[in-house]
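Undergrad: Chains A and B supply the protein sequences, listed in that same order. With my numbering applied, the first sequence covers 1 to 181. With my numbering applied, the second sequence covers 1001 to 1181. Before we start, here is the structure in question, set down as structure tokens.
Protein chains: 2
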Amino acid sequence: MAEHPGFTVWLTGLSGAGKSTIAQHLAQALRRRGMKVEVLDGDVIRQNLSKGLGFSKADRDTNVLRVGWVAQVLSRNGVAVIAALISPYRETRNQVRAKIPNFVEVFVDAPLEEVIRRDVKGLYKRALAGEIPNFTGISDPYEPPERPEVVCRTAEETVDESVGKILAYLEQQGWLLPEQA
Amino acid sequence: MAEHPGFTVWLTGLSGAGKSTIAQHLAQALRRRGMKVEVLDGDVIRQNLSKGLGFSKADRDTNVLRVGWVAQVLSRNGVAVIAALISPYRETRNQVRAKIPNFVEVFVDAPLEEVIRRDVKGLYKRALAGEIPNFTGISDPYEPPERPEVVCRTAEETVDESVGKILAYLEQQGWLLPEQA
């Protein structure tokens, strides 16, 4: 494996906005460059790191800070970390940012109407029916980033376009290894 | 930083047996070889990863498995991980072992009488007075490893000797980089 400075790409956005899909495609693109990559996805994290935590503000914050700590430790060891979490609170994301030198906040921006229309997991329907408390965008707030490094508008662009924007940013910073033959 | 296969050195033993001291000295020795090193120490972990967990068997197991997951992710990315946790339950340590390819279980073995005599943090005195419930070795079990890769008898050997044993094992496995000038 070649060496590159570690960094953390932090994908934040509503449930169903496309964070996991971008994370997987971005991971593939980075691995093609021979880079060490770890994807910290919300679901995997809740299984391994945060079982028992719920979706109150305090529990969400705890979860986000834990993932932030793991991302920090991994990226300072030269790993390209991709975190895909709703992480709805601005202040908490900024706490994570403050700890990680090469931090790239990516706002995965899809209009609420659009994610409700898609409703991939059928969660919005249940949330709108009042069956899921503390559901981000419905019964819980989402605070968009104020100065994200990258914005992906997934209702208007393809996955490749979104991933391309992130790669371009990483390239600009000099953090990207060249693609391998 | 040079490359080496990641591995996890897991130090298990009673409170006061010398796990943290060995961890720090081992970390220095590995860093002198230009290796990437992370120490996952019980206290740091409880702060960043496991705030709110107590010392029941279930909570201890959760804590150990979380640290195991972080060690797994770090070591598969070429980091030399040193975990220093009481981790009193054999079965739970074996669950961690099963997930990490290059796993080195180090039994930091000091007789109970000896750690009670030292009582660096004054905890044994309080535990013996019944002031601390679930205290390993006093009011909670400690299950020694059955086939640890290395045993450090800290009542009989110096820190350098203990660290030397671990380095010798890592050397034998071909996981050690040569010391740098």
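The beta-carbon is built from N, C-alpha and C at its ideal position, and this holds for glycine as well. Just so we're clear, the structure is a prediction, and the values are computed from it rather than from any experiment.
(1) How long is the line joining the alpha carbons of G1018(B) and C152(A), rounded to whole angstroms?
(2) Within 9 Å of any Cβ in chain A, is that where the Cβ of L1065(B) sits?
(3) If you drop the 5 nearest sequence neighbours on each side, which residues of the same chain put their C-beta closer than 8 Å to that of E1146(B)?
(4) If you measure from the beta carbon of N77(A) to each beta carbon in chain B, is any gap under 9 Å?
(5) For V1150(B), collect the residues of the same chain with a Cβ closer than 7 Å to its Cβ; drop the 5 residues on either side in sequence, then sort them by chain order.
(6) What is the DSSP secondary structure of M1001(B), reduced to helix, strand or coil?
(7) Distance, Cα to Cα, Q1172(B) vs A1129(B)?
(8) Can you pull the chain A residues whose beta carbon is under 8 Å from the beta carbon of K1036(B), in chain order?
(9) List the residues of chain A that W1069(B) touches, going by C-beta distances under 8 Å, in chain order.
(10) Name the chain B residues whose beta carbon is nearer than 8 Å to that of V73(A)?
(11) I'd like to confirm the pairing. Which residues does DSSP put opposite W1010(B) in its beta bridges?
(12) Just verifying my parser: in three-state terms, what is the DSSP assignment at L30(A)?
(13) When you compare each of W1069(B), S1056(B), L1014(B) and Q1028(B) to V1108(B) by their alpha carbons, which one comes out closest?
(14) Taking only three categories from DSSP, how would you classify L1053(B)?
(15) If distances are taken between C-alpha atoms only, which option among G34(A), R33(A) and V9(A) comes closest to I22(A)?
(16) Let me know the secondary structure DSSP gives G1016(B) once reduced to three states.
(17) Nearest to G183(A) by alpha carbon, out of N102(A), E38(A) and H25(A)?
(18) Taking 8 Å as the cut-off, does the region 37 to 55 of chain A touch the region 1036 to 1043 of chain B (at least 3 CB pairs, one atom from each stretch)?
(19) Counting contacts by CB-CB distance shorter than 9 Å, is T1008(B) in contact with chain A?
(20) Nearest to V1120(B) by alpha carbon, out of T1012(B), G1016(B) and P1111(B)?
TA: On the basis of the supplied data:
(1) Along the second sequence, read from residue 1 onward, the residue named residue 1018(B) stands at position 18. Along the first sequence, read from residue 1 onward, the residue named residue 152(A) stands at position 152. Between G1018(B) and C152(A), the C-alpha separation is close to 50 Å.
(2) Here residue 1065(B) refers to the residue found at position 65 when the second sequence is read from its first residue. Taking Cβ atoms only, chain A reaches closer than 9 Å to L1065(B), which makes this a yes.
(3) As a working mapping, residue 1146(B) is identified with position 146 in the second sequence. Excluding positions up to five away in sequence, the list reads R1090.
(4) Position 77 of the first sequence holds residue 77(A). Chain B contact via Cβ: present.
(5) Walking along the second sequence from the start, residue 1150(B) turns up at place 150. These residues qualify, in order along the chain: V1104, V1106, K1165, I1166 and Y1169.
(6) Position 1 of the second sequence, counted from the start, is the residue given in the question as residue 1001(B). Note that M1001(B) scores 49 on pLDDT, short of 50, meaning its location in the model is unreliable; the coordinates nonetheless yield the value given after this. Reduced to three states, the DSSP call for M1001(B) is coil.
(7) Taking the first residue of the second sequence as 1, we reach residue 1172(B) at position 172. Taking the first residue of the second sequence as 1, we reach residue 1129(B) at position 129. Approximately 45 Å, taken between the alpha carbons.
(8) Working through the second sequence from its first residue, we reach residue 1036(B) at position 36. In chain order: N77 and G78.
(9) Within the second sequence, residue 1069(B) is the residue found at index 69, counting from 1. Within 8 Å Cβ-Cβ: N48 and L49.
(10) By one-based count along the first sequence, residue 73(A) stands at place 73. In chain order: E1038, V1070 and L1074.
(11) Mapped onto the second sequence, residue 1010(B) falls at position 10. BP columns for W1010(B) point to A1083(B) and E1105(B).
(12) Your numbering for residue 30(A) matches position 30 in the first sequence. In the structure shown, L30(A) falls within a helical segment according to DSSP collapsed to helix, strand and coil.
(13) Start at 1 with the first residue of the second sequence, and residue 1108(B) comes out as number 108. Among W1069(B), S1056(B), L1014(B) and Q1028(B), the Cα nearest to that of V1108(B) belongs to L1014(B).
(14) As a first step, residue 1053(B) is located in the second sequence; it is residue number 53 there, counting from the start. In this structure, L1053(B) counts as coil in the three-state DSSP scheme.
(15) What you label residue 22(A) is simply residue 22 of the first sequence in a count that begins at 1. The residue with the shortest Cα to Cα distance from I22(A) is V9(A).
(16) Here the question's residue 1016(B) lines up with position 16 in the second sequence. In this structure, G1016(B) counts as coil in the three-state DSSP scheme.
(17) In the structure as shown, chain A begins at 1 and stops at 181. Residue 183(A) is therefore absent and cannot be evaluated.
(18) The region 1036 to 1043 of chain B makes no contact with the region 37 to 55 of chain A: fewer than 3 CB pairs, one atom from each, lie closer than 8 Å.
(19) The residue you call residue 1008(B) lines up with position 8 of the second sequence. T1008(B) does not count as touching chain A.
(20) Position 120 of the second sequence, counting from 1, holds the residue named residue 1120(B). Minimum Cα distance to V1120(B) is reached at G1016(B).
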